[in-house]
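A.B. asks: In our numbering, each residue's number is its place in the sequence shown (first place is 1) plus 4.
The beta carbon of each residue, even a glycine, is placed where N, CA and C say it ideally should be.
Since we're looking at a predicted model, the values are computed, not measured.
Pasting a structure here, questions to come.
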Amino acid sequence: MSSRWINQQHQKKLGTHSAFKESLADIELRREQTIEYAEYFKNYELSLAKYQYDIEMNILQDEYESEKHSLHDMVLQAIDERRKMIKEDKEDVDIDDLFHDAYKRVSQNKRNLRKRNLERYASPSRLERRRPNRIQTLYNIHAPPNASEEEELEADFLNMKVSK
C-alpha cells in the first residue's frame, strides 16, 4: 500500500478529497438551480393567480355596472310611465266640472237633510250597529289597561294584522 493511496483514503474520510469535492460542488449547483427554478415557478403561479383574479374582478364589476344601469333605466322608465299616467289623469279631469258636481251634491244633501225626519227615515238596524258613545276620560298613560281596554287593543291589533 502506497502512501498515496493511504493519503487519498485519509482525505476521503476528512471530506477533502478532490473527487468528493467535485461531486459535492455538482450537487450544490443542482440544488441552487432547483431552488431558483422553484422560486421562478412560485412567482409565475402567483402572477397567474393575480392575473386571473383581476380578470374575474373586472368581469364582475362590468356585470355589476350593467345590472346597475339596467335597474336605473327600469326605474326611470317606471317613473316616466307614472308621470304620463298622472298627466293623462289630470287632462281627463275637468276641474270646473268637478267643482260644479261637488257643489251640486253638497247643496242637494243639505236640502234633504233639513227636510229629513229622523224617526221616519232612520232604520233601526243602523242605530243598533253604531258603537255606543264612549265616556271621555283622561287616561293615565303610565297605568296598566283594564280588561275591556286590553280586549279592545287586542281586537284592534288583530284587525291591523289582517288588513296588511
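Put ALA2 into one of helix, strand or coil per three-state DSSP.
C.D. replies: No statement about residue 2 is possible, as the shown extent of the chain runs from 5 to 168 and does not include it.
A.B. asks: At what residues does the alpha helix (DSSP H) containing HIS21 begin and finish?
C.D. replies: For the purposes of this step, residue 21 is identified with residue 17 of the sequence shown, where counting begins at 1. Here HIS21 belongs to no alpha helix (DSSP H), and DSSP marks it neither H nor E.
A.B. asks: Distance check for GLN81 and LYS72, CA to CA, integer angstroms please.
C.D. replies: As a first step, residue 72 is located in the sequence shown; it is residue number 68 there, counting from the start. As a first step, residue 81 is located in the sequence shown; it is residue number 77 there, counting from the start. Note on geometry: alpha-carbon atoms of LYS72 and GLN81 lie some 14 Å from one another.
A.B. asks: If you reduce the DSSP assignment to three classes, tell me which class SER152 lands in.
C.D. replies: In the sequence shown, residue 152 corresponds to position 148, counting from 1. Looking at SER152 - three-state DSSP - the assignment turns out to be helix.
A.B. asks: Does DSSP put SER74 in a helix, in a strand, or in coil?
C.D. replies: On the sequence shown, residue 74 is found 70 positions in, with the first residue counted as 1. If DSSP states are grouped into helix, strand and coil, SER74 belongs with the helices.
A.B. asks: Return the Cβ separation of PRO149 and LEU157 in integer angstroms, given the expectation that the two are a contact with Cβ distance under 8 Å.
C.D. replies: Mapped onto the sequence shown, residue 149 falls at position 145. Mapped onto the sequence shown, residue 157 falls at position 153. Sure, about 6 Å apart at Cβ, within 8 Å.
A.B. asks: What number of angstroms, rounded off, separates the C-alpha of LYS46 from the C-alpha of ILE39?
C.D. replies: Translated into the one-based positions of the sequence shown, residue 46 becomes position 42. Translated into the one-based positions of the sequence shown, residue 39 becomes position 35. Their backbone Cα atoms lie some 10 Å apart in a straight line.
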